[in-house]
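Step one of this worksheet: look at the structure below.
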Amino acid sequence: MTGRLEGKVAVITGGGGAMGGAQARIFAAEGAAVCVADVNEEAAQSVAGEITEAAGRAIAAQLDVRQADRWAAIVSQTESAFGPVTHLCNNAGANFRVSFDEQTEEQWRTIMEIGLTGAFLGIKAVVPSMRRAGGGVILNMGSLAAIRPGGGSPAYAAQKMGMVGLTRSAAHSYAADNIRCVIISPGHVDTPFIRGNNPHSPNDWSTSIDNPDNMNRRLSATPLGRLQTADDIAKAFLFAATDEASMITGSMITVDGGAGM
Ligand SMILES: NC(=O)c1ccc[n+]([C@@H]2O[C@H](COP(=O)([O-])OP(=O)(O)OC[C@H]3O[C@@H](n4cnc5c(N)ncnc54)[C@H](O)[C@@H]3O)[C@@H](O)[C@H]2O)c1
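Last residue of the sequence shown: 260 (numbering that gives the first Met the number 0), numbering continuous.
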């Protein structure tokens, strides 16, 4: 590692999860201090603990991204520990893999509130801190659903397409503050989001990639022939977070093995 994020301070939501955890580890290994924020406090603590054991700088925070007061508390806790926030990764998301007919209003609201409102609240919470830092980078988690949503879960389609608009709006609004905003869209990533049965992303045999039929469907939709790993995606987050990407804002970076073509 080459200290590409030395002196930077990152808040990473869904930081206890697979992709957020991979970002937290790689950002810390590149010199950033990280706040690992997750609704699952134990998971956040475990990732932060791994980082500090490896001589990195990290704190864990319990955060439900839907709560503006928790966002305010976490930004101020992070700023007290490490200085003004320079990076925000909005990973927290939810999905219920049912058809339009079957999707309930409650499922719609949960997906939209965690994925889209949560990211909006996060951006509003960190921007004053980023201004104090003299600039920053906001990285939003996209999806193939942000490119070609197709059928299935309508709220997931609306949430991820909405993330494109939120990214461009933030990029426009804060360019003059030296704050960039980028959306990164993975393809099929082998994580508990599509494998396990989590409260934010329930899977059973009919949807999980534990079922070889589902795994093969996703593999055959990926021209490069393998699912992505959380590390594949974290490397793109790292690139977008550094000055190597200093003229990239409002854009989407896809890391999907060609699945979105
Ligand atoms: N796995 C994939 O194939 C894939 C592909 C494209 C996009 N995504 C997106 O990636 C993100 C999920 O990441 P993952 O695949 O690492 O899954 P994951 O289940 O390992 O991680 C998700 C994390 O988000 C946390 N979370 C859920 N609700 C929250 C809330 N209200 N507040 C704060 N944290 C919350 C969970 O506790 C969990 O730790 C989602 O935005 C999802 O839409 C996943």
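Glycine included, each C-beta is placed from N, C-alpha and C at the ideal position.
None of the values given here were measured: they were computed from a predicted structure.
Under the three-state reduction of DSSP output, D231 falls in the helix class. If you draw a 10 Å sphere on the C-beta of G164, you find fewer than 16 other C-beta atoms in it, and that means exposed. In this structure L120 is not in contact with C88, their Cβ atoms being roughly 14 Å apart against a cut-off of 8 Å. Judged by their CB atoms, V254 and A235 are nearer to each other than the 9 Å cut-off.
Boundaries of the beta strand (DSSP E) around L87: 86 to 89. At a Cβ-Cβ threshold of 9 Å, T12 and A31 do not count as neighbours.
Fully contained in the stretch 157 to 238 are the following alpha helix (DSSP H) runs of length 4 or more, in chain order: 191 to 194, 211 to 219.
In this structure, the CA atom of A157 is about 22 Å from the CA atom of P191. The stretch 97 to 142 contains, as complete alpha helix (DSSP H) runs of 4+ residues, the segments 104 to 111, 117 to 132 (chain order). Counting only unbroken stretches of 3 or more residues, the beta strand (DSSP E) elements lying wholly within the stretch 9 to 81 are 32 to 37, 56 to 61, in sequence order. Around R179, the same chain offers V136, T248 as residues with beta carbons nearer than 6 Å, after the five sequence neighbours per side are excluded. Residues D176 of the same chain have their beta carbon placed closer than 7 Å to that of R130, with the five preceding and five following residues left out of the count. Annotation: A154 to G19 spans about 22 Å, alpha carbon to alpha carbon. Of the other Cβ atoms in all chains shown, 16 or more fall within 10 Å of the Cβ of N202; this residue is therefore buried.
With a cutoff of 8 Å, A59 does not count as near ligand 1, since its C-beta is closer than that to no heavy atom of the ligand. The Cβ atoms of A57 and A23 lie closer than 9 Å to each other. The nearest non-hydrogen atom of ligand 1 is 8 Å or more from the C-beta of R147. Within the chosen limit of 8 Å, ligand 1 does not reach the beta carbon of S219 with any heavy atom.
Between the alpha carbons of A118 and S75 lies a gap of roughly 17 Å. Contact annotation: A258 and P222 have beta-carbon atoms nearer than 9 Å. Take the alpha-carbon of F99 and the one of M246: they are about 39 Å apart. Here E40 has Q61 as same chain residues with Cβ atoms under 6 Å from its own Cβ, once five neighbours each way along the sequence are excluded. Spanning the alpha carbons of A144 and E105 requires a straight line of approximately 20 Å.
The residue from I208, L237, S152 with its alpha-carbon nearest to that of L226 is I208. Under the 10 Å beta carbon count, S142 is surrounded by 16 or more other beta carbons and is classified as buried.
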